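Participant:
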Amino acid sequence: MLWQYITDNFSAGEPIIASDIDLNISEVYRRQQFKQLTDEGKLKRYENGVYFIPKKSKLGMELTMLPDVVVECKYISRNKKIFGYYSGFVFANQIGVTTQMPSVKEIVTSQIGNPIKRIEKGNRTFVVRKSRTEITEDNAKILQFMDLLKDMERYSELDNNELTECLARYVRKFNITKSQVDKYLPLYPDRIYKSIYETGLINVFA
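Heads up: the sequence shown begins at 8 in my numbering, then just goes up one per residue.
#1: Quick check on Glu79: buried or exposed, where buried means 16 or more other Cβ atoms within 10 Å of its Cβ?
#2: Tell me whether the beta-carbon of Gly20 lies closer than 9 angstroms to the beta-carbon of Met72.
#3: Leu30 and Leu44 - do their beta-carbons sit closer together than 9 angstroms?
#4: Ser94 bridges to which residues according to DSSP?
#5: In its own chain, which residues sit with a C-beta less than 7 angstroms from the C-beta of Leu70, not counting the 5 before and 5 after it?
#6: Restricting to Cα atoms, I'd like to know which of Gly95, Arg37 and Tyr53 is closest to Val77.
#7: Using a Cβ distance threshold of 8 angstroms, determine whether the segment 126-138 contacts the segment 155-167, with at least three qualifying pairs required.
#8: Hey, out of Asn16, Val211 and Thr116, whose CA is closest to Ser6's CA?
#9: Taking the CB atoms as reference points, tell me whether Val178 and Leu150 lie closer together than 9 angstroms.
#10: Going along the chain, which residues of its own chain have a beta-carbon closer than 7 angstroms to the beta-carbon of Val97, five neighbours each way excluded?
#11: Do Tyr92 and Ile83 have their beta-carbon atoms positioned less than 9 angstroms apart in this structure?
#12: How long is the line joining the alpha carbons of Arg58 and Thr171, rounded to whole angstroms?
#13: Please look up how many angstroms separate the CB atoms of Ile203 and Ala147, rounded, as I've assumed it's under 8 angstroms.
#14: Hey, could you find the ends of the alpha helix (DSSP H) Arg37 is sitting in?
#15: At what residues does the beta strand (DSSP E) containing Lys137 begin and finish?
#16: By a C-beta neighbour count over all protein chains shown, 10 Å radius and 16 as the cutoff for buried, is Gly95 buried or exposed?
#17: Pick out whichever of Gln187, Val211 and Ile60 has its Cα sitting closest to the Cα of Asp15.
#18: If you compare alpha carbons, which of Asp75, Arg85 and Asn121 is closest to Gly129?
#19: In whole angstroms, give me the CA-to-CA distance for Lys201 and Val35.
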């Protein structure tokens, strides 16, 4: 039953979070089934509670999952549900505010209880921070953007006009409105107001 469910819902090389699988079976039986499938070679165990269907390269070599894929699945999104996002220099680079790509990637998520967690996987390091409020599909882009504004002086390599245009493109692309920003402003330190006014975003928000 478990194997049929896995093959129906997961592709080879895709992270499988054991605790997500609900087939109306006990946790003990579920663990036993995962162990049996792993012993049979149908599944590979990446780490505690995380498995994947083995995948081979075109040359026939067995592949493992990339650390980024596992971390994104655990802390950013899975099963079409969003509960986190990249922040810091990673996001600043994605939208063109900086050319820097950090060796340590920062993530904000609703999926941890502690304020901050440092994760080492393979040769990659991630710093995962607890979100200020629950992250959903509806607010993820807004909160991600506001996190950037909060520390804009730290990230930007652009002059004022270039920075304003870069940020304005993002606001327009995701239809971020002033009322949406106002909703979450109380969660942020006062310096975020400085970024909003100095970049001219107050005139961009719908």
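Glycine included, every Cβ here is placed at the ideal spot set by N, Cα and C.
This one's a predicted model, so the numbers in the text were calculated from it and none came from an experiment.
Facilitator: The structure says:
#1: Label assigned to Glu79: buried.
#2: In contact: Gly20 and Met72 (Cβ atoms closer than 9 angstroms).
#3: No, Cβ-Cβ distance for Leu44 and Leu30 is not below 9 angstroms.
#4: Beta-bridge pairing by DSSP links Ser94 to Glu113.
#5: Take Leu70, set aside five residues on each side of it, and the residues of its chain with a beta-carbon closer than 7 angstroms to its own are Gly20, Lys62, Lys63 and Ser64, in chain order.
#6: That would be Tyr53, whose Cα lies nearest to the Cα of Val77.
#7: With the cut-off at 8 angstroms, the segment 126-138 and the segment 155-167 do not touch.
#8: This structure gives no information on residue 6, because the portion of the chain shown stretches from 8 to 213.
#9: At a Cβ-Cβ threshold of 9 angstroms, Val178 and Leu150 do not count as neighbours.
#10: So the qualifying residues of the chain are Pro109, Lys112 and Glu113.
#11: Cβ atoms of Ile83 and Tyr92: closer than 9 angstroms.
#12: The question names Arg, yet the displayed sequence has Tyr at residue 58. So the two alpha carbons sit approximately 44 angstroms from each other.
#13: The C-beta distance from Ile203 to Ala147 rounds to 19 angstroms, too long to fall under 8 angstroms, and the pair is not in contact.
#14: Note, Arg37: alpha helix (DSSP H), Glu34 to Asp46.
#15: Lys137 -> beta strand (DSSP E) spans Arg131 to Lys137.
#16: Buried is the call here.
#17: Of Gln187, Val211 and Ile60, the smallest CA-CA separation from Asp15 is found for Ile60.
#18: When Asp75, Arg85 and Asn121 are compared, the shortest CA-CA separation from Gly129 is found for Asp75.
#19: Straight-line Cα distance between these residues: approximately 54 angstroms.
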